[in-house]
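S.K.:
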Amino acid sequence: MSGFDYSKWDNLDCSDSESEGENDGGPQVTRLDESSSVTFGGGGDSITVAQSPSVPSSSPSPASTSFPTPTPTPSPAAAASKPSTTNGSSFTYNWAESDGTQSPLHWSQTRDEVVLNLGLPSGVKSNQITVCGTFLRWNERQTAVGTTKSSIEVKVSLPDRPHDLLLQHRLAHSVFLGEEDDDPNVELITPDWEIVAAGGTRYLRVVLGKAVPMAGVSVWWSRLFEKGSCDGEREDVDVETMEGRGNRKKGEKAATMKEAWDEAHKMFVEKMKQKQK
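Okay, so the sequence shown: first residue is 1 according to full-length UniProt numbering, each after it adds one.
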């Protein structure tokens, strides 16, 4: 190998197959597009450091503990047998104030949102439902700290049991409400919700934006409610296997880097052979 001029490394092109033929002669850099992630706390929750701030794709609404009267439009029956539980779970939920009444509860999450689907009693109408809680305002959505947690309440007014409390729990992490509803002069604010149907059951669907400690960080929840606050939610979700995290385990990252290095070395050897001819 004594005949090799290692200064040739300076001209090595490490572009990928998609950029072949597009090099203008300048240096090209191939980088891994995975985000970095850190798992924290005993519950296995995960923080992912992304390249851009997390902004929810839909707009739920800003902070309150009041009890408004929303006017959502019911959605048509869904084709699925039950609501999505992607990156979440399902369990049977005991009503907060009842004689043993239970409802199915399904929740899911994306990088930016948490979606809760709570089974409703037969015949409940939208004007009989109240959804409220404590939420961060829009301008606080990127300043959530570990000790800050939101709560949610769901009440139903039925003829035989007015103001029955279906749900009352602290969430595992903080959530925030939408920018268009962040009016400091408005006191009665509710999260974004609607009634949907799946598998013959009607559900209250609540969409909440995930609050984060700082811009560019995503928080993946291992559970919906604060640990120990809900008997029905017994198991945590494995955050390492969630869809859409945009990262890989260390072994996969190392393998990808080795492949890139091996390919670069192969290209170098081929270039040297061509120069020696």
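Note that beta-carbon positions come from the ideal geometry of N, C-alpha and C, so glycine has one too.
Expressed to the nearest angstrom, what Euclidean distance is found between the alpha-carbon atoms of L120 and E140?
M.R.: Spanning the two alpha carbons is a distance of roughly 32 Å.
S.K.: By DSSP's criteria, K155 is part of a beta bridge. Which residues make up the other side?
M.R.: T130 and L165.
S.K.: Nearest to I195 by alpha carbon, out of N87, S222, Q128 and V114?
M.R.: Measuring from the Cα of I195, the nearest candidate turns out to be Q128.
S.K.: Nearest CA to the CA of S122: which residue from V145, R170 and T201?
M.R.: Of the listed residues, the one whose Cα sits closest to S122 is T201.
S.K.: Given H169, which residues of its chain have a CB within under 6 Å of its CB, disregarding the five upstream and five downstream residues?
M.R.: Hits under 6 Å: F225, S229 and C230.
S.K.: Please look up how many angstroms separate the CB atoms of V175 and L136, rounded, as I've assumed it's under 8 Å.
M.R.: That belief holds up - the Cβ atoms of V175 and L136 are roughly 7 Å apart, short of 8 Å.
S.K.: Within 10 angstroms of the Cβ of E259, are there 16 or more other Cβ atoms? Answer buried if so, exposed if not.
M.R.: So E259 counts as exposed.
S.K.: Would you kindly work out how many angstroms separate the C-alpha atoms of M272 and E263, rounded to a whole number?
M.R.: About 14 Å.
S.K.: Give me whichever residues DSSP pairs with T241 in a beta bridge.
M.R.: DSSP, once it has assigned bridges, lists no residue as partnering T241.
S.K.: With H, G and I counted as helix, E and B as strand and the rest as coil, what does DSSP make of E263?
M.R.: Helix at E263.
S.K.: Can you say whether S81 is buried or exposed, counting buried as having 16 or more other CB atoms within 10 angstroms of its CB?
M.R.: By the neighbour-count rule (16 or more Cβ atoms within 10 Å), S81 is not buried but exposed.
S.K.: Do E153 and L167 have their beta-carbon atoms positioned less than 8 Å apart in this structure?
M.R.: In contact: L167 and E153 (Cβ atoms closer than 8 Å).
S.K.: Helix, strand or coil for residue 279, going by three-state DSSP, please let me know.
M.R.: Missing from the structure shown is residue 279; the chain here goes from 1 to 277 and no further.
S.K.: What does the alpha-carbon distance come out to for the pair D236 and G88?
M.R.: The alpha-carbon atoms of D236 and G88 are separated by roughly 9 Å.
S.K.: Using the Cα positions of T148 and V212, report the straight-line distance between them to the nearest angstrom.
M.R.: Approximately 10 Å between the Cα atoms of the pair.
S.K.: Helix, strand or coil: how does DSSP classify V269 here?
M.R.: DSSP places V269 in helix when its eight states are reduced to three.
S.K.: Taking DSSP's pairing of strands, which residues face E113 in a bridge?
M.R.: Answer is G209.
S.K.: Between which two residues does the beta strand (DSSP E) containing S194 stretch?
M.R.: Per the sequence shown, residue 194 should be read as Glu rather than Ser. Counting along the chain, the beta strand (DSSP E) containing E194 begins and ends at D192 to A198.
S.K.: What would DSSP say about N94, mapped onto helix, strand or coil?
M.R.: Note: N94 maps to strand in three-state DSSP.
S.K.: Report back the beta-carbon spacing between R111 and S218 to the nearest angstrom; my notes put them in contact at under 8 Å.
M.R.: That pair is a contact at about 5 Å.
S.K.: Mind checking which residues open and close the beta strand (DSSP E) that includes W220?
M.R.: Taken as a continuous stretch (DSSP letters only), the beta strand (DSSP E) holding W220 covers V217 to W220.
S.K.: Identify whether Q142 lies in helix, strand or coil by the three-state DSSP scheme.
M.R.: DSSP places Q142 in coil when its eight states are reduced to three.
S.K.: Measuring only the C-alpha atoms, how far is R205 from E270?
M.R.: Each residue's alpha carbon lies about 59 Å from the other.
S.K.: For S90, I'd like the list of residues in its chain whose CB is within less than 6 Å of its CB, leaving aside the five on either flank, ordered along the chain.
M.R.: The residues are H106.
S.K.: I'd like to check one pair, V131 with T86: are the Cβ atoms closer than 8 Å?
M.R.: For T86 and V131, no; Cβs fall outside 8 Å.
S.K.: For G209 and M267, I'd like the C-alpha separation in whole angstroms.
M.R.: Each residue's Cα considered, the two are about 47 Å apart.
S.K.: Which residues in the same chain as T101 place their Cβ atom closer than 6 Å to its Cβ, once the five residues preceding and following it in sequence are excluded?
M.R.: Answer for T101: W95, listed in chain order.
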